[in-house]
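To start, the structure itself, in structure tokens.
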Amino acid sequence: MKFSSIFTPLFSLILLFLIACNGNQRQIVPYEVDAEQVFKAIEPNDESSPENLTFGKDKIPGFIFDHDFTSENSEIFLYFQNLTILDVNSDINQNIFEFIHRQLSEGGFISDSLSLEPNAFELLQTSGSTYAEASAQLLDVFNKGFEAQYDSISVYNSPFNIYFQIYPVYLDNNYVTYRQYSYSYTGGAHGITASFLKTFDLQTGKEVTIDDIIKPEGLPELHEEVAAHMAYSYPIYENIETVNEYIDSLNVWLGNFSGDEASGNDAKITISNFPLPNPGVLENGLAFIYQMYSMAPGSDGCPLVVIPYHDIKGCLNPKFAK
33 MKFSSIFTPL FSLILLFLIA CNGNQRQIVP YEVDAEQVFK AIEPNDESSP
83 ENLTFGKDKI PGFIFDHDFT SENSEIFLYF QNLTILDVNS DINQNIFEFI
133 HRQLSEGGFI SDSLSLEPNA FELLQTSGST YAEASAQLLD VFNKGFEAQY
183 DSISVYNSPF NIYFQIYPVY LDNNYVTYRQ YSYSYTGGAH GITASFLKTF
233 DLQTGKEVTI DDIIKPEGLP ELHEEVAAHM AYSYPIYENI ETVNEYIDSL
283 NVWLGNFSGD EASGNDAKIT ISNFPLPNPG VLENGLAFIY QMYSMAPGSD
333 GCPLVVIPYH DIKGCLNPKF AK
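Right under this line is the structure:
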């Protein structure tokens, strides 16, 4: 009887410990959101001519550029498809052209000496140019820079090209979310894809950050939700059943990919520090996109997950939740 009286509470404590530990092992379950729908462009309200396009319920004027520069042998080219500029705020359009400039410069398609003024778009509009004219003038600057770089590029004697898509995927009375995508090839086994979702405040023109959307005390829950979605959508290895197993496998893959031993990697990913890029605001949830090779093999491209608002309702800042 004495042994039994001691064993029973001890057994109960062990059982509670095991249950608690297992409770931290969040199971991976399917999610209903189709991430590919995020990339569906907002269709313009009017299709009579490019000059009369409007977008969203407020009928915001917009203009779509399909534009290219191609060398004589067609192996060196710069191509824009569905580059959509909205007549909302010059800061938003400035951000778009800064993205283009950065991609061209980093890829070697224009000289590092070609700079873009911090308020170039606003200056062009102040001088009397419409948003469409200002956009065309900046594209012309990039074209001339690309043309000036042609001789330096051609010495590589290989295809050298870059392809852009920049268009809104969400628009309401307060925010616009753009997809900014580029694919560049400058030699080697394959090209490089870069894909971003950026949300802007229509009134201020400023980019909306995760701190604008999520309460500080809500970040731990958001880290876990994003990790769980990534575990389901982009598992590194087969037979992964819990988020913790996914995190462990991700660290092993990243360690092997970078050449570091996983056990000696000081930058190990955990659920609590799972990387959170600035989210894109969508109608039904927040979208997080990761760059090529940063969180998955190159065959997965740029991984994208969408977290429904109802899953993180308690994490949202009251102002944003409205």
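Here my numbering is used: the first residue of the sequence shown is 33, the next is one more, and so on. Note that beta-carbon positions come from the ideal geometry of N, C-alpha and C, so glycine has one too.
Note: Gly312 is bridge-paired with Ala319 in the DSSP secondary-structure output.
For Arg134, the enclosing alpha helix (DSSP H) begins and ends at Ser122 to Glu138.
Leu203 has Val208 as its beta-bridge partners, per DSSP. Within the same chain, Pro335 come within 6 Å of Met327 by CB-CB distance, once the 5 residues on both sides are set aside. Between Thr209 and the set Asn125, Glu104 and Leu110, the nearest pair of CA atoms involves Asn125. Two segments are said to touch when three or more pairs of C-beta atoms, one from each, lie closer than 8 Å; by this definition the stretch 211–221 touches the stretch 194–201. In this model, Ile142 and Glu277 are separated by some 44 Å (Cα to Cα). For Leu155, there are no CB contacts under 6 Å within the same chain when 5 residues up- and downstream are skipped. Taking 9 Å as the cut-off, the Cβ atoms of Ala260 and Ile96 do not count as close.
In the structure shown, Tyr269 adopts coil according to DSSP, grouped into three states.
In this structure the stretch 169–181 lies against the stretch 104–124, because at least three pairs of beta carbons, one per stretch, are closer than 8 Å. Restricting attention to beta strand (DSSP E) runs no shorter than 3 residues, the stretch 154–203 encloses them at 192–203, ordered along the chain. In the three-state reduction of the DSSP assignment, Asp98 falls in the strand class, which pools E and B. One Cα belongs to Glu64, the other to Asn316, and the distance between them is close to 11 Å. Only residues of its own chain outside the window of five on either side were considered, and among them Ile60, Val61, Pro62 and Tyr63 have a CB closer than 8 Å to the CB of Tyr264, listed in chain order. By the C-beta criterion, the stretch 336–347 is judged to be in contact with the stretch 307–324, since at least 3 inter-stretch pairs fall below 8 Å.
Judged by beta-carbon spacing, Ile268 lies within the 9 Å limit of Trp285, meaning their Cβ atoms are closer than that value.
Taking Asn283 as reference, the option from Asp100, Ala299 and Phe101 with the minimal CA-CA separation is Ala299.
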